[in-house]
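Structure first, commentary second.
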Amino acid sequence: MYNLLLVEDEKPLLEKIACHVDWEDNGYKVYTARNGKQALKILNNVRIDILVTDIKMPDISGIRLIEEIKDNKADMSTIIISGHAEFEYAQKSIRLGVTDYLLKPFHSSRLLEVVNRARKQLLKKRKEKEDLKRFKQELNKILKENDQLDSKLQMFFNRDRDEFFREYSLIIKNENMFNELKNGREEDLIIAIKKLFEDINELNINQESALFIIHTVVLLTLKNIKEMGFDLKEIIDFMELGNKSIDVEKVSKETMETWLTGFLVKVSQYIAQQKSEDRELVLKVKEAVNKNLSSGLTLNQLAEEFNLSNSSLSQLFRKYTGKNFSEYLDDIRINKARELLKTTGKKVYEIADEIGFDDPYYFSSWFKKRTGVSPTTYRENFILFE
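Listed below in structure tokens is the structure:
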């Protein structure tokens with residue numbers, strides 16, 4: 001529910017606007033005030049979302065009411081009611097940031113329409129505020145975690161809110177760049193970058209703001225890479241970013257576009273190369289598991305053999321098989337055990353040994369837990385369990 005405050009010194013009009021609209025069904029809780037003093041009291045005690053006030057009132061005018069609450073109620077939509085003779089006041093209130101105004105006389109349905117429009121604008125404003133806050137936090141987090149990145153970006157965080165959000169919105173609008181980057185589609189990536197710079201030129205964004213956008217795209221790119229499990233230091237070394245730089249403050253937007261295209265294409269190539277290498281590595285690890293099933297290979301042993309950390313190997317397995325190493329090993333073992341029970345006359349202890357279990361009793365318990373029957377029962381009735 002949204003809190004709506006109606007302020008009107010004419011009692012019949014106040015009753016009309018309060019009662020002739022089904023405010024509750026439309027998602028509003030209504031508060032009413034007959035003058036500015038009553039309105040201020042409510043505003044100081046209730047979080048009002050939308051204020052509807054007459055301009056001319058005996059004690060505190062609507063204009064003065066708006067002026068008094070403006071600084072403390074920035075997150076509130078305001079609608080004014082005025083007569084034709086008061087239109088000059090209405091113009092002044094617009095300069096105070098009033099959302100909309102109504103000229104007397106008006107129908108109740110018109111009031112509801114204006115209030116709903118104000119609510120929509122309020123929602124948009126609040127969402128933008130939250131998005132901007134989250135965005136700044138995200139960038140600050142990236143900067144803190146990666147001190148090798150350009151610290152000059154910090155200066156942009158205290159920019160004018162509207163200017164900052166316009167630039168941020170432009171980046172989000174073109175976020176499909178990051179999808180093209182992850183998928184390794186270079187042609188589509190280049191088209192996406194071109195579209196970003198077309199938007200920059202269309203909006204007449206200046207050099208400094210274009211620089212901010214490029215810095216932000218680079219940071220968000222590195223954030224995406226980190227979330228994909230890649231090592232940031234490794235990619236920075238791969239791209240030789242430590243040795244090559246461009247003074248984007250002194251070059252044209254065309255040169256910035258060329259630089260950003262080169263940067264993102266190189267990132268895309270790195271991701272494609274890593275994915276290929278990672279897939280090949282996972283295949284080799286799977287092959288090693290299958291070949292050495294009887295020896296009971298552990299994650300630690302395999303990680304050591306392939307010069308990886310336990311967590312890196314586990315992440316790779318989950319990424320390319322959908323399972324962690326233990327789940328994968330269990331699947332291989334259970335499938336091998338079923339196959340041997342169906343196609344050979346080997347003893348249960350021999351099968352246990354062949355798939356890496358030293359203790360046949362533990363193997364039998366493990367097998368039953370996964371299939372619901374003992375190895376012997378499975379062998380005797382395997383057709384029923386297929």
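Numbering follows UniProt numbering, in which position 30 of the sequence shown is assigned residue number 30; successive positions increment by one, without gaps.
Idealized CB from N, CA, C, for every residue including glycine.
Note that the structure is a prediction, hence the values are computed from the model and not measured.
Tell me, to the nearest whole angstrom, how far the beta carbon of residue i is from that of residue j; I am working on the premise that it is less than 8 Å.
{"i": "Val267", "j": "Thr221", "result": "6 Å"}
{"i": "Tyr31", "j": "Val46", "result": "6 Å"}
{"i": "Val115", "j": "Ile50", "result": "6 Å"}
{"i": "Leu313", "j": "Leu302", "result": "6 Å"}
{"i": "Leu264", "j": "Val289", "result": "That belief does not hold up - the Cβ atoms of Leu264 and Val289 are roughly 37 Å apart, past 8 Å."}
Is residue j closer than 8 Å to residue i when the C-beta atoms are compared?
{"i": "Leu65", "j": "Leu5", "result": "no"}
{"i": "Ile81", "j": "Asp54", "result": "yes"}
{"i": "Val373", "j": "Pro360", "result": "no"}
{"i": "Asp100", "j": "Ile69", "result": "no"}
{"i": "Asn300", "j": "Asn310", "result": "yes"}
{"i": "Leu111", "j": "Val21", "result": "yes"}
{"i": "Asp353", "j": "Ser294", "result": "yes"}
{"i": "Ile200", "j": "Ile213", "result": "yes"}
{"i": "residue 389", "j": "Thr261", "result": "The requested residue 389 does not occur in the structure, where the chain is confined to residues 1 to 386."}
{"i": "Ser77", "j": "Leu14", "result": "no"}
{"i": "Leu341", "j": "Arg370", "result": "no"}
{"i": "Arg119", "j": "Tyr2", "result": "yes"}
{"i": "Ser365", "j": "Pro375", "result": "no"}
{"i": "Phe367", "j": "Ala337", "result": "yes"}
{"i": "Glu113", "j": "Phe197", "result": "no"}
{"i": "Asp188", "j": "Arg126", "result": "no"}
Three-state secondary structure (DSSP) at residue i?
{"i": "Met1", "result": "coil"}
{"i": "Leu153", "result": "The predicted model places Leu153 with a pLDDT of 46, which falls under 50 and marks its position as unreliable; any figure quoted below should be read in that light. Here Leu153 sits in helix by DSSP."}
{"i": "Leu203", "result": "coil"}
{"i": "Leu122", "result": "helix"}
{"i": "Leu241", "result": "Residue confidence is low: Leu241 scores 46 on pLDDT, short of 50, so the model does not pin down where it sits. Its coordinate-derived value is still stated next. Coil at Leu241, not helix or strand."}
{"i": "Asn158", "result": "A caution first: Asn158 carries a pLDDT of 48, below 50, which makes its placement in the model too unreliable to give a value."}
Compare the C-beta of residue i against all C-beta atoms of chain C and say whether one is closer than 8 Å.
{"i": "Asn201", "result": "In summary, chain C is missing from the structure at hand, where a single protein chain is found."}
Segments assigned beta strand (DSSP E), at least 3 residues, entirely inside the UniProt domain "Response regulatory" (3 to 119): 28 to 33, 50 to 54, 77 to 82, 100 to 103
Taking only runs of the alpha helix (DSSP H) that begin and end inside the UniProt domain "HTH araC/xylS-type" (283 to 381), which ones reach a length of at least 4 residues, in chain order? 299 to 305, 310 to 321, 325 to 343, 348 to 354, 360 to 371
Specify whether the stretch 54 to 61 and the stretch 32 to 40 touch according to this definition: at least 3 beta carbon pairs, one from each stretch, less than 8 Å apart. yes
Could you tell me whether the stretch 302 to 321 touches the stretch 269 to 284, where touching means 3 or more Cβ pairs closer than 8 Å? yes
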